[in-house]
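Q:
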RNA sequence: UCCUCAGUAGCUCAAUGGUAGAGCAUUCGGCUGUUAACCGAAGGGUUGUAGGUUCGAGUCCUACCUGAGGAGCCA
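Numbering (the numbering used here), first residue to last: 327 to 790.
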């Protein structure tokens with residue numbers, strides 16, 4: 327194991343003269359008369375360590391195997407570097423090849439690859455500069471999520487991944503079964519599949535949201551959050567959708583939509599600030615390679631107030647805009663991508679929180695406003711990303727909730743425990759869901775969600 | 001799922017319907033405290049697949065496969 331102080335990140339901080347051992351994977355090797363330059367990286371930071379091997383300290387047949395992708399160990403001494411590009415370098419005394427990477431077949435070269443090509447080598451792409459930076463930022467961002475909530479006394483709750491409630495309306499679900507699919511048991515009367523013989527005695531699925539369970543905990547622990555995998559079986563082929571993604575869902579009792587929005591804004595700013603403070607080198611890399619305005623945008627978002635815009639106002643702005651919409655703007659229609667883009671990228675140029683949507687385009691559990699037409703919903707729309715957060719104040723009035731369930735043709739008995747929460751000790755409460763990978767896209771400037779998750783699952787793709 | 005675009009050497013890309021090329025990578029040789037090192041040479045291709053038009057197809061047409069972008073769905 328590489329101890330923390332042995333990481334390349336730390337070796338690069340050492341004073342010249344320190345004896346060290348370095349281990350890592352070779353990025354590139356350059357040979358000169360009597361001396362070899364080997365750049366290695368161990369993932370601890372973006373920067374490589376330059377190892378300098380005098381030819382008489384490493385036999386030629388060994389050096390020949392030190393190729394891009396190979397894993398080596400070098401013992402030697404940190405010295406001041408006479409060359410440009412690094413303050414210190416490792417003067418190697420001995421070199422050991424831990425794992426060769428035959429160049430005839432190793433798929434990665436030292437020159438650049440497209441992100442699409444790297445995606446095909448999911449088992450090697452983490453060794454590239456880009457994905458090294460992506461996953462260091464992902465690690466920091468995940469830590470920041472917990473830090474934010476823990477500092478505020480939120481309880482981290484693990485909501486179930488397997489669920490038998492199939493009516494949350496958040497999207498198509500993956501069914502989970504232990505039945506023999508080639509010959510499932512059937513009911514003699516109707517011929518329908520007999521799920522009483524399935525593992526859970528009824529149809530089961532992978533979760534599409536932990537929200538309903540989080541509400542149970544919020545009405546016991548006041549402030550809670552979930553952070554876990556979520557699954558959607560939609561046939562979505564876009565740079566913004568995954569079949570398996572991670573979602574953060576805070577849920578707060580004694581909290582209305584205003585408090586909900588305040589938390590969402592504070593949360594996003596906290597995450598951005600944390601990553602800027604802790605991943606500066608990686609963010610600079612993204613700015614240089616992928617998104618020239620990245621740092622300015624992040625600083626702008628972290629320091630300016632988000633726009634609060636009621637849906638009705640948004641419709642007004644859009645209908646007065648001097649442009650042709652592919653999809654008509656009318657009160658009652660959901661906002662389309664082109665509309666969201668216009669609001670975030672042209673009208674306001676920063677995140678916009680749209681609130682109080684018509685009830686018919688939102689979920690049954692959102693609290694009905696006094697006007698009887700809109701609900702206390704909020705979507706946080708981010709420039710370039712679209713919807714990054716969706717949330718609402720929940721309907722805590724039993725009779726109103728029951729009416730909404732019936733209105734939508736849902737079955738009351740499926741929600742017996744959800745309604746019980748209103749019948750016994752119910753109180754106003756609110757929450758939202760943040761797509762973790764969408765946040766990753768926002769802070770890194772990466773344009774495809776498949777490149778900010780270690781192993782993307784999309785229709786037709788579940789390799790590695 | 002629909003629409004659009006793309007698919008040529010291991011990788012990144014060229015090639016008015018007329019002999020498939022370059023850079024990098026690989027192999028060999030040279031030079032050099034190098035910085036995606038540099039210089040020279042060599043090997044490397046059924047142009048995604050299957051049909052079709054044509055004297056002749058990487059190029060035009062059809063279908064399919066794969067990828068990307070846009071849309072829908074959403075986080």
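In this text, a Cβ means the ideal position worked out from N, Cα and C, and glycines have one as well. As the structure is a computational prediction, the values presented were derived from the model and not from experiment.
Taking a contact to mean a Cβ-Cβ separation below 7 Å, would you say residue 573 touches residue 761 in this structure?
A: Translated into positions along the first chain, residue 573 becomes position 247. Translated into positions along the first chain, residue 761 becomes position 435. A Cβ-Cβ contact shorter than 7 Å links residue 573 with residue 761.
Q: Going along the chain, which unbroken runs of the alpha helix (DSSP H) with 4 or more residues stay wholly within the stretch 617-664?
A: Look at the stretch 617-664 and you find these whole runs of alpha helix (DSSP H), each 4 residues long or longer: 620-629, 637-646.
Q: Going by C-alpha distance, which of 340, 659, 543 is nearest residue 747?
A: Counting from 1 along the first chain, the entry for residue 747 is found at position 421. With distances taken between Cα atoms, residue 747 lies closest to 543.
Q: First and last residue of the alpha helix (DSSP H) that includes residue 601?
A: Within the first chain, the letter at position 275 stands for residue 601. Start and end: 583-604.
Q: Quick one: grab the DSSP three-state call for residue 350.
A: Reading the first chain from its first residue, position 24 is the one you call residue 350. DSSP places residue 350 in strand when its eight states are reduced to three.
Q: Taking 7 Å as the cut-off, decide whether the C-beta atoms of residue 450 and residue 424 are in contact.
A: Taking the first chain and counting its residues from 1, the one referred to as residue 450 is at position 124. Taking the first chain and counting its residues from 1, the one referred to as residue 424 is at position 98. Contact: no.
Q: Can you confirm whether the stretch 405-423 touches the stretch 336-344 when touching is taken to mean that 3 or more C-beta pairs between the two stretches lie within less than 8 Å?
A: yes
Q: By DSSP, does residue 571 sit in helix, in strand, or in coil?
A: As a position in the first chain, residue 571 is number 245, starting the count at 1. The answer is strand: DSSP assigns residue 571 an E or B state.
Q: Within 10 angstroms of the Cβ of residue 586, are there 16 or more other Cβ atoms? Answer buried if so, exposed if not.
A: Sequence index remark: in the first chain, residue 586 carries index 260 (1-based). So residue 586 counts as buried.
Q: What are the boundary residues of the beta strand (DSSP E) that residue 681 is part of?
A: Locating residue 681 in the first chain gives position 355, where the first residue counts as 1. In this chain, the beta strand (DSSP E) harbouring residue 681 covers 678-684.
Q: Work out the CA separation of residue 647 and residue 456 for me, nearest whole Å.
A: By one-based count along the first chain, residue 456 stands at place 130. By one-based count along the first chain, residue 647 stands at place 321. Cα to Cα, residue 456 sits roughly 39 Å from residue 647.
Q: On the CB-based measure, 16 or more other CB atoms within 10 Å of its CB, does residue 788 come out buried or exposed?
A: Locating residue 788 in the first chain gives position 462, where the first residue counts as 1. Exposed: under 16 other Cβ atoms inside 10 Å.
Q: Determine the extent of the alpha helix (DSSP H) in which residue 768 is found, giving its start and end residues.
A: For the purposes of this step, residue 768 is taken as the residue at position 442 of the first chain. Unbroken alpha helix (DSSP H) run through residue 768: 762-770.
Q: According to DSSP, simplified to helix, strand and coil, what is residue 363?
A: Here residue 363 is taken as the residue at index 37 of the first chain, counted from 1. Strand, per DSSP.
Q: Skipping 5 residues on each side, what residues in its chain have a beta carbon closer than 6 Å to that of residue 426?
A: Walking along the first chain from the start, residue 426 turns up at place 100. Correct list, in chain order: 391, 396.
Q: Under 8 Å, with one C-beta from each stretch per pair, do the stretch 459-468 and the stretch 516-528 reach the 3-pair mark?
A: No, because fewer than three Cβ pairs between the stretch 459-468 and the stretch 516-528 fall closer than 8 Å, the two stretches do not touch.
Q: Would residue 669 and residue 678 qualify as a contact pair, given that the criterion is a beta-carbon distance under 7 Å?
A: Sequence index remark: in the first chain, residue 669 carries index 343 (1-based). Sequence index remark: in the first chain, residue 678 carries index 352 (1-based). Cβ distance < 7 Å, so residue 669 and residue 678 count as in contact.
Q: How many Å lie between residue 536 and residue 775 at the Cα?
A: Residue 536 sits at position 210 when you count from the first residue of the first chain. Residue 775 sits at position 449 when you count from the first residue of the first chain. Straight-line Cα distance between these residues: approximately 21 Å.
Q: Flag this pair as yes or no: are the beta carbons of residue 720 and residue 583 separated by less than 7 Å?
A: Numbered from its first residue, the first chain carries residue 720 at position 394. Numbered from its first residue, the first chain carries residue 583 at position 257. Taking 7 Å as the Cβ cut-off, residue 720 and residue 583 do not qualify as a contacting pair.
Q: Distance check for residue 704 and residue 674, CA to CA, integer angstroms please.
A: Counted from its first residue, the first chain places residue 674 at position 348. Counted from its first residue, the first chain places residue 704 at position 378. So the two alpha carbons sit approximately 17 Å from each other.
Q: How do the stretch 328-342 and the stretch 409-425 stand: do at least 3 beta-carbon pairs fall below 8 Å, yes or no?
A: Because the criterion of three Cβ pairs below 8 Å is met, the stretch 328-342 and the stretch 409-425 touch.
Q: Any contact of the stretch 715-735 with the stretch 679-698, i.e. 3+ C-beta pairs under 8 Å?
A: yes
Q: What are the residues that DSSP puts in a beta bridge with residue 420?
A: Along the first chain, one-based indexing puts residue 420 at 94. In DSSP, residue 420 forms a bridge with 401.
Q: Between residue 663 and residue 362, what straight-line distance do the alpha-carbon atoms span, to the nearest angstrom?
A: Here residue 663 refers to the residue found at position 337 when the first chain is read from its first residue. Here residue 362 refers to the residue found at position 36 when the first chain is read from its first residue. Roughly 53 Å between the two C-alpha positions.
Q: Anyone know if the C-beta pair for residue 599 and residue 628 falls short of 7 Å?
A: As a working note, residue 599 is residue 273 in the first chain. As a working note, residue 628 is residue 302 in the first chain. A contact, by the Cβ cut-off of 7 Å.
Q: Going straight from the alpha carbon of residue 699 to that of residue 683, what length do you get?
A: Within the first chain, the letter at position 373 stands for residue 699. Within the first chain, the letter at position 357 stands for residue 683. Those two C-alpha atoms are separated by around 8 Å.
Q: Suppose you measure from the CA of residue 477 to the CA of residue 765; what does that come to, to the nearest Å?
A: Numbered from its first residue, the first chain carries residue 477 at position 151. Numbered from its first residue, the first chain carries residue 765 at position 439. For residue 477 and residue 765, the distance between alpha carbons rounds to 20 Å.
Q: Near residue 722, what residues of its chain come up, given a Cβ to Cβ distance below 8 Å and the 5 sequence neighbours on each side ignored?
A: Locating residue 722 in the first chain gives position 396, counting from the first residue. Taken in chain order, the residues that qualify are 693, 748, 752, 753, 754, 755.
Q: What distance in whole Å lies between the Cβ atoms of residue 777 and residue 315, which are believed to be in contact at a cut-off of 8 Å?
A: Nothing in the structure corresponds to residue 315, since the chain is present only between 327 and 790.
Q: Ignore the nearest five residues each way along the sequence and tell me which others in residue 559's own chain have a CB closer than 7 Å to its CB.
A: Here residue 559 refers to the residue found at position 233 when the first chain is read from its first residue. Same-chain partners within the cutoff: 498, 499, 500, 569.
Q: Measure the C-alpha to C-alpha separation of residue 488 and residue 534 and round it to an integer number of angstroms.
A: If you number the first chain from 1, residue 488 lands on position 162. If you number the first chain from 1, residue 534 lands on position 208. Cα to Cα, residue 488 sits roughly 10 Å from residue 534.
Q: Ignoring anything shorter than 4 residues or poking outside the stretch 709-745, list the alpha helix (DSSP H) runs there in chain order.
A: 724-733
Q: Do residue 372 and residue 607 come within 7 Å of each other at the CB atom, strictly closer than that value?
A: Residue numbering aside, residue 607 sits at position 281 when the first chain is read from its first letter. Residue numbering aside, residue 372 sits at position 46 when the first chain is read from its first letter. Yes; because the gap between Cβ atoms is below 7 Å, this pair is in contact.
Q: Give every residue of the same chain whose Cβ lies closer than 7 Å to the Cβ of residue 354, excluding the five residues on either side of it in the sequence, and list them in chain order.
A: Looking up residue 354 in the first chain gives position 28. Correct list, in chain order: 365, 394, 436.
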